[in-house]
Every structure is written in structure tokens, then in C-alpha cells.
Amino acid sequence: MTLPSEAGRVVLVTGGATGIGAEIVAEFAGAGADVVVADLAEPGADAAKAEYVRVDITRDDDLRGLVEATVDRHSRIDALVNCAAMYKTLGGKRALEEIGLDDWDRVMRVNTRGTWQAMKAVLPAMSEHGGHIVNISSTTARNGSPGFAHYVASKAAVEGLTRAAARELGPRKITVNAVAPGLVDDEATRVLNDAAYVAAASGRRAIPRSMYPSDLVGAVRFLGGPGAGFITGQVLVVDGGGLFT
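If you read the sequence shown in this note's numbering, its first letter stands for residue 9, the second for the next number, and so on.
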């Protein structure tokens, strides 16, 4: 399917400075969108096509300033992609009983609460003309990957939040969906998993190969655009057929 041009659309991507988020930014920007990146990490050299704003998504003041600055410059926000999350910085796999309270709270604060806060922040900019919100979940919310109980719980909560928000925001012409990627073969995954684990995940797929960030961006762009205007409250699994839902 050929997606239409993004020219004239304004897309905000949290966590868009590096990793999967940077690939999503490149996809929208390459299609002509005005992309604003909200992140604490510094963007890479390939992020020149997007505007960068240093934002902590767990701080309402940061998010309020981001939205106000974006609307002042572009007059609107058409789509929000919530990609900011703790994953690479989890510090390795740990048994459920070995996860500390501070670690649990930090992951839930960023991955779940931060997603809610970013959604809440853009509502004033979207409520007049509608818009599209895409949250990044994970197939771990469905297969219960061991060693990451706090991360798995946070992504399952993101899926529940997606459905609740879709029901509530539909009358305002705002769609809310999620994309759940499988294990992505990238730097973050290599930090937390050995090569054998990544290879085993690839072998279990109907399309038996590694998944890369580029495999995800088309689904995100579709759900973040007008072509998906009558799709809401859904979680689209993108993992090469590792899970059938």
C-alpha cells in the first residue's frame, strides 16, 4: 500500500531522538511532514529534518511548553506518536522478586504515566480539528517475556490506556491506536539479550528473519494518518508472524 504524502501535517514524536523513535521521525519527515521530536536524549546527526525540543515526558510543564511552542510555530498538531520508554536502560533481566520498588515505579512512570501525560498535553491542540495518537506497545505484553516484569506490565497498561482513550476521545475526532513490535534487532535489544536469544526469536516467526526498526514505521505512519481515520482502540502487532492475535 502506498501511503499519501505527509506534506502540511504536523507530527510530534516522543522519544524520537534515537532508536526506533528516530526511524519513525525519518519516515514522517521523509514523506513531507513537519516533525517535532520530544526527548531527553540528544538527536543523532541524521535527525536534521526534524525540530528537537528537550522534554521530560513525565513533567507536565515540559509537555505544556512543547505543545504551545509547536502550535505557535505550526498552528496545529495532527499526530502524536508516543515512543518514549525505558527499555535499553532497564539494566538487564531480573527475576520478579529481584525488581526493586524504585525500578518498578520508574518504569511505570516513564512508560505508562508519561504516555498518558503526553496524550493529555496534546488534547487542546487536537480537539478542534481532530487528530491521531499512536502509542508504541510491545508483544511482551502478550507473551509475558520473563525477566522484564515491570516493562511487560507497563506495556500492557499502555494497551489498556489506548483502548480507554479511544473510547473517550472518539467523539472529538481523535483516534488512538497502538503498535506492538516484536523483538527488534537493534542496539537496545543487544544490550539486554544475547545473540542466541535474538536468533531464536527470529526463527519462531512466520517470516523467519530478524525484525528491524524499519519494519515498524509503515504501520505507525498508517495509523497516524487520515487513511486510518475510522480505526481506533486497536493494537496492531508487527512481528513477522511470531504471534497471531
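Where is the CB? At the ideal position from N, CA and C, for every residue including glycine.
One alpha carbon belongs to residue 240, the other to residue 188, and they sit about 15 Å apart. Annotated three-state conformation of residue 76 is helix, per DSSP.
When the beta-carbon positions are compared, residue 45 and residue 34 stay at least 7 Å from each other. As a beta-bridge residue in DSSP terms, residue 189 pairs with 246.
Within the model, the alpha-carbon separation for residue 200 versus residue 125 is close to 27 Å.
For residue 244, the closest of 179, 149, 217 by C-alpha to C-alpha distance is 149.
Restricted to the stretch 80-141, the alpha helix (DSSP H) segments that are unbroken, complete and at least 4 residues in length are 109-116, 122-134, listed in chain order. In this structure, the straight-line span from the alpha carbon of residue 198 to that of residue 166 is close to 24 Å. Here the stretch 166-176 does not lie against the stretch 207-224, with fewer than 3 beta-carbon pairs under 8 Å apart.
The beta carbons of residue 49 and residue 19 sit no closer together than 7 Å. Around the beta carbon of residue 238, fewer than 16 other beta carbons lie within 10 angstroms, which makes this residue exposed.
Counting along the chain, no alpha helix (DSSP H) covers residue 44; the unbroken beta strand (DSSP E) around it starts and ends at 42-47.
Non-local beta-carbon contacts of residue 181 in its own chain, meaning distances under 6 Å to residues more than five positions away in sequence, involve 138 in chain order. Secondary structure at residue 59: strand, using DSSP grouped into helix, strand and coil. Counting only the Cα atoms, residue 83 lies some 43 Å from residue 210. Burial state of residue 220 is exposed, judged by a 10 Å Cβ sphere holding fewer than 16 other Cβ atoms.
Judged by beta-carbon spacing, residue 133 lies within the 7 Å limit of residue 75, meaning their Cβ atoms are closer than that value.
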